[in-house]
Amino acid sequence: MTNSPPDALLALTNVNSFYGQAQVHFDLSISVPRGHIVCLLGGNASGKSTTMKIILGLVKPRSGDVIFDGASLLGLTTPQIVRRGIASVPEARRLFADMSVRENILMGAFVRNDRDAIAQDLDKMLTLFPKLGQRLSQRAGSLSGGEQQMVAMARALMSRPRMIVMDEPTMGLSPLYVDRVLELIRAINQEGVSVFMVEQNASLALEIAHEAYVLQTGKIVLSGSARALKDDPRIRDAYLGGSEAA
Amino acid sequence: MSSWLDYTINGLIVGNVYALVAVGLALIFGVSRLINFAQGSIYLVGAYIGWVAVVQLHTPLPLTIILVAAAAALVGLIIERFGLRPLQNSVRIAPLLATIGISFVLDQLVMLTFSPNPRALPSQLPDVRFQIGGGTIGPLDLLIAGVGITSALLLFVFLRYSKLGWAVRATAQDRDAAMQMGVDVNRVNQAVFGIAAALGGVSGLLVGMYYNQIDTAMSLQATLKGVVAEVVGGAGNVPGAVIGSLLLGLVESYGVAVFGTSYRNLFAFLLLVVVLVLRPNGLFASARQAPPEPLTGTFIAPSRPVRIPRWVLLVATGIFAVLPFFPVSFYVLQTLINAWLLGMLALSLTLVAGTIGQVSLGHAALLAIGAYTSALLSLTFAVPVGLAIIGGGLMSAALGTALISPSFRLRGHYVSIATLAIGEIVSLVILNWESVTRGPIGISGIPPLSLFGYELVSPISIYWFSFIVMVVLALLQGRLLGSHLGRSFRAIRDDDIAARAYGLSLNRYKSLAFIFGGFAAGVSGGIAAHLYSYINHETFNTQQSILALTVVILGGLGNVVGAILGAVALVGLPEVFRIAAEYRILIYGIVLLLLVRFRPQGLLGTM
Chain R
1 MTNSPPDALL ALTNVNSFYG QAQVHFDLSI SVPRGHIVCL LGGNASGKST
51 TMKIILGLVK PRSGDVIFDG ASLLGLTTPQ IVRRGIASVP EARRLFADMS
101 VRENILMGAF VRNDRDAIAQ DLDKMLTLFP KLGQRLSQRA GSLSGGEQQM
151 VAMARALMSR PRMIVMDEPT MGLSPLYVDR VLELIRAINQ EGVSVFMVEQ
201 NASLALEIAH EAYVLQTGKI VLSGSARALK DDPRIRDAYL GGSEAA
Chain X
1001 MSSWLDYTIN GLIVGNVYAL VAVGLALIFG VSRLINFAQG SIYLVGAYIG
1051 WVAVVQLHTP LPLTIILVAA AAALVGLIIE RFGLRPLQNS VRIAPLLATI
1101 GISFVLDQLV MLTFSPNPRA LPSQLPDVRF QIGGGTIGPL DLLIAGVGIT
1151 SALLLFVFLR YSKLGWAVRA TAQDRDAAMQ MGVDVNRVNQ AVFGIAAALG
1201 GVSGLLVGMY YNQIDTAMSL QATLKGVVAE VVGGAGNVPG AVIGSLLLGL
1251 VESYGVAVFG TSYRNLFAFL LLVVVLVLRP NGLFASARQA PPEPLTGTFI
1301 APSRPVRIPR WVLLVATGIF AVLPFFPVSF YVLQTLINAW LLGMLALSLT
1351 LVAGTIGQVS LGHAALLAIG AYTSALLSLT FAVPVGLAII GGGLMSAALG
1401 TALISPSFRL RGHYVSIATL AIGEIVSLVI LNWESVTRGP IGISGIPPLS
1451 LFGYELVSPI SIYWFSFIVM VVLALLQGRL LGSHLGRSFR AIRDDDIAAR
1501 AYGLSLNRYK SLAFIFGGFA AGVSGGIAAH LYSYINHETF NTQQSILALT
1551 VVILGGLGNV VGAILGAVAL VGLPEVFRIA AEYRILIYGI VLLLLVRFRP
1601 QGLLGTM
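Residue numbers (the working numbering), protein chains in the order written: chain R, 1 to 246; chain X, 1001 to 1607.
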């Protein structure tokens, strides 16, 4: 079925997807090795966010396959995919604005039923994100963008995922928070969680990623180790969005 | 009832009953962004199940309540599973129309099972009243208050402390994000519909006991009151719905105290319109911003209209024009006259709902305005009937547009609610403004149709008259749609923000659409008044508004030929198949449901 390397935790193979008549992806193949951070780079309208949606089962590809831990995710609903061990940090955080910070974080553990362990994990999140301790009973919508990003990451970790997919985790954050978020992604990864992230800011993403792919109007135009890509002159064009950049 | 305290108690008790309906509506709106127009039907089902339990099975009160809650919840689950879940990925108007269709079907099934005659529903409680302060309170009042408070507490505990309750709240805030946390949104929908239906059913039971009588007209009333309370409290806001309901109950009760019983509903709908205009997000919303509704273009099913060659239209028009020369029965002509009158209303609605995207649920009010104007002009001022009908059209255009204009900045569902409320207000003003409209007695002895002094009394002449008027209106509307005005209308429907960015004044174009539509509907109402020779405040009711909407959806929203085809089909087919009158509404409901499911763009496609 799959021609992805055997150590891949997640593999998209020859995915073609459409929005109505318009084709979004052309034979997209991406693999995320176990324990790695893989980054998908690309400008506006390159199909990055749709890639996320395909992994999460929110958009169904017309052909190709999505393999997670040896089994296809196609035909599963989003909640079923979450139960397989994929958590997400959606674009623009998407917190439950009128629920408290505590409730938001605990929503991340929705698929779990081990109450005591959930309580322990909540404490663990508060050591990982100390700022959230004083905010627990506040409305999530009242936090700053950076704080919301922390909540979104804590929420994703609460399901004890094997992999986290993140959509532009640094978007709209102050430089201080950008560094903090990148540090945290690295820390999460060192605990054994694989990370697949979609980013527009290539220079930042390549600092922490192991491998990266460059997506341009639905096609992978460049891929390889982050180290090699950082020095590639073409990457500059690509992450600025190539010819379509304004 | 005498003291203010009595009116306050009555207001709070009635408010409690409304709250049971409104909370369900708020839960459903929160999770699915859908106003469930079938909520009142569940309330009706609850009342009749209660009647069966009390009168035929002689169940004790606690068991009656449990039985009603369980049965109603089951109905709610069935509606969710088979009526709405298949529409999950359809356009936004589809589930809205589906709940309207479901409510037709449920109401008619209840009516066919139990007959439309009212039935007594004894309360099973001792008939005593306790003195408190200057007023009295009875055991049933206490029961209603108790059920209301208990339900509110249970709901609070459910939402705050249960896992499913958290899922409901998370889904209401952000459906996609909730799914990404592993929430099964279908289960959330099920839970919400089950709870809403159980509450609605119990509410119906309690109301039946309170007034000691149930009948099938309760359904629409309950939906309307629930919607009013919910919108007043802020759509989707559960505590807001409770407060909105109590407020509504009090406003009605005090209104009745001051002005009399026939004013009850007038106050309810005035409250709604005031809230929609000043605080569309409900009394408790902080900002005066427009409610979060999608762009109207995504609300209506997009499609390519079916191309009909001009010669087909010409031949069809020709056939219908010469039809009276053939030996057709008066019965056929009569049926077609009804179709032409409905066709004019449908032309009006398809322009307003389809072309410019304001899905009106109160279109019968335009008929009523036209009919009353024309009738009064000819009766009181001896204006020739032909001119009086034109006067009716003009009045309908002017008054209808003026009435709807405060809600021009609303979108989607909110337009439907506002038009529904305005429709009700028009009918209630007609009922209460006795010096002009003759109130509940209605207007009788309206002179028959006449043109240039010649009375049109033969079915053939009436047939030609109504057919020609309709064709002229259709041609005008066709021209309108082809002009830059029509393009502007469609631009506003598809994306009102973009349209505004290109300099289109939304208010001006919406006014123009309502003026033209109001004229067509007013003319239809005017002709009808002279045909019927008697009209009252119930002649043009919400059921006709919904029938017109079904016609327009059947033909394809915005589609001129579709509107007429839809009218002929919905008026004609039941006659052809000789379907008994009591089954017709049922058929309309089923047609609406099938359309929404299988051809949301209608027979000829939206334009």
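Note that the Cβ used here is the ideal one computed from N, Cα and C, for glycine as well.
Confirm, please, whether the CB-CB distance from residue j to residue i is below 8 Å.
i, j, result
"glycine 1354 of chain X", "glycine 1558 of chain X", "yes"
"alanine 1368 of chain X", "isoleucine 1446 of chain X", "no"
"alanine 1038 of chain X", "leucine 1109 of chain X", "no"
"valine 1183 of chain X", "proline 79 of chain R", "yes"
"valine 101 of chain R", "alanine 140 of chain R", "yes"
"isoleucine 1579 of chain X", "isoleucine 1587 of chain X", "yes"
"alanine 1365 of chain X", "valine 1426 of chain X", "yes"
"isoleucine 1300 of chain X", "valine 1091 of chain X", "yes"
"glycine 1391 of chain X", "threonine 1373 of chain X", "yes"
"glycine 1076 of chain X", "alanine 1172 of chain X", "no"
"glycine 108 of chain R", "alanine 156 of chain R", "yes"
"glycine 1282 of chain X", "glycine 1204 of chain X", "no"
"leucine 106 of chain R", "methionine 158 of chain R", "yes"
"isoleucine 1049 of chain X", "leucine 1061 of chain X", "no"
Measure the alpha-carbon distance for residue i versus residue j and round it to whole angstroms.
i, j, result
"leucine 1403 of chain X", "alanine 92 of chain R", "41 Å"
"valine 1328 of chain X", "threonine 1437 of chain X", "38 Å"
"leucine 1379 of chain X", "glycine 1240 of chain X", "48 Å"
"leucine 128 of chain R", "alanine 117 of chain R", "16 Å"
"valine 1315 of chain X", "leucine 1342 of chain X", "21 Å"
"glycine 1030 of chain X", "arginine 234 of chain R", "48 Å"
"glycine 1370 of chain X", "isoleucine 1356 of chain X", "22 Å"
"tyrosine 1583 of chain X", "proline 1406 of chain X", "38 Å"
"alanine 1290 of chain X", "alanine 1421 of chain X", "Confidence at alanine 1290 of chain X is low in this model, with a pLDDT of 48, below 50, so the placement of that residue is unreliable and no value is reported for it."
"glycine 1326 of chain X", "valine 1359 of chain X", "Strictly speaking, residue 1326 of chain X in this sequence is phenylalanine, with glycine absent from that position. Cα to Cα, phenylalanine 1326 of chain X sits roughly 39 Å from valine 1359 of chain X."
"tryptophan 1004 of chain X", "phenylalanine 1158 of chain X", "36 Å"
"alanine 245 of chain R", "glutamine 216 of chain R", "Residue confidence is low: alanine 245 of chain R scores 38 on pLDDT, short of 50, so the model does not pin down where it sits. Its coordinate-derived value is still stated next. Their backbone Cα atoms lie some 11 Å apart in a straight line."
"leucine 1027 of chain X", "isoleucine 81 of chain R", "27 Å"
"glycine 1011 of chain X", "alanine 1145 of chain X", "12 Å"
Whose CA, out of the options, lies closest to the CA of residue i?
i, options, result
"arginine 84 of chain R", "R/Glu183, R/Val214, R/Arg186 and R/Leu9", "R/Leu9"
"phenylalanine 1330 of chain X", "X/Val1457, X/Gly1318 and X/Gly1165", "X/Val1457"
"phenylalanine 1598 of chain X", "X/Val1568, X/Ala1071, X/Leu1020 and X/Asn1089", "X/Asn1089"
"leucine 1394 of chain X", "X/Ser1524, X/Trp1051 and X/Pro1126", "X/Ser1524"
"asparagine 1016 of chain X", "X/Ala1170, X/Phe1577, X/Arg1411 and X/Val1242", "X/Val1242"
"valine 1615 of chain X", "X/Trp1166, X/Ala1120 and X/Arg1264", "What is shown of chain X runs 1001 to 1607, which leaves residue 1615 of chain X out entirely."
"alanine 1581 of chain X", "X/Met1111, X/Val1256 and X/Ile1308", "X/Met1111"
"tyrosine 1414 of chain X", "X/Val1426, X/Met1344 and X/Gly1362", "X/Gly1362"
"asparagine 1189 of chain X", "X/Val1202, X/Ala1167 and X/Gly1423", "X/Ala1167"
"proline 130 of chain R", "R/Arg180, R/Gly172 and R/Ser100", "R/Arg180"
"threonine 1317 of chain X", "X/Val1014, X/Leu1565 and X/Tyr1043", "X/Leu1565"
"proline 1305 of chain X", "X/Thr1008, X/Trp1004, X/Ser1461 and X/Pro1600", "X/Pro1600"
"arginine 1411 of chain X", "X/Gly1233, X/Ile1009, X/Leu1276 and X/Phe1156", "X/Leu1276"
"arginine 1129 of chain X", "X/Gly1101, X/Val1232, X/Asp1006 and X/Arg1169", "X/Asp1006"
"leucine 1441 of chain X", "X/Leu1570, X/Leu1034 and X/Asn1536", "Per the sequence shown, the amino acid found at residue 1441 of chain X is isoleucine instead of leucine. Measuring from the Cα of isoleucine 1441 of chain X, the nearest candidate turns out to be X/Asn1536."
"glycine 146 of chain R", "R/Lys219, R/Arg160, R/Leu95 and R/Met52", "R/Leu95"
Report buried or exposed for residue i, applying the criterion of at least 16 other Cβ atoms within 10 angstroms of its Cβ.
i, result
"tryptophan 1340 of chain X", "buried"
"isoleucine 188 of chain R", "buried"
"serine 1483 of chain X", "exposed"
"alanine 1287 of chain X", "In this prediction, alanine 1287 of chain X scores a pLDDT of 48, lower than 50, which makes its location untrustworthy; the coordinate-derived value is nonetheless stated afterwards. Exposed, because fewer than 16 other Cβ atoms sit within 10 Å of the Cβ of alanine 1287 of chain X."
"glycine 1562 of chain X", "buried"
"serine 1162 of chain X", "exposed"
"glutamate 199 of chain R", "buried"
"isoleucine 1319 of chain X", "exposed"
"valine 1472 of chain X", "exposed"
"alanine 1094 of chain X", "buried"
"glutamine 190 of chain R", "exposed"
"glutamate 1434 of chain X", "exposed"
key: At least three beta-carbon pairs within less than 8 Å, the stretch 55-68 of chain R to the stretch 117-126 of chain R   = no
request  = Report yes or no: do three or more beta-carbon pairs, one from the stretch 1131-1146 of chain X and one from the stretch 50-66 of chain R, lie closer than 8 Å?
outcome  = no
request  = Inspect the CB distances between the stretch 1011-1025 of chain X and the stretch 1224-1238 of chain X and report whether three or more fall short of 8 Å.
outcome  = yes
query = Taking one C-beta from the stretch 21-41 of chain R and one from the stretch 198-215 of chain R each time, how about it: are there three or more such pairs within less than 8 Å?
reply = yes
inquiry  = If contact is defined by three or more beta carbon pairs under 8 Å, each pair taking one atom from either stretch, is the stretch 165-176 of chain R in contact with the stretch 12-22 of chain R?
reply    = no
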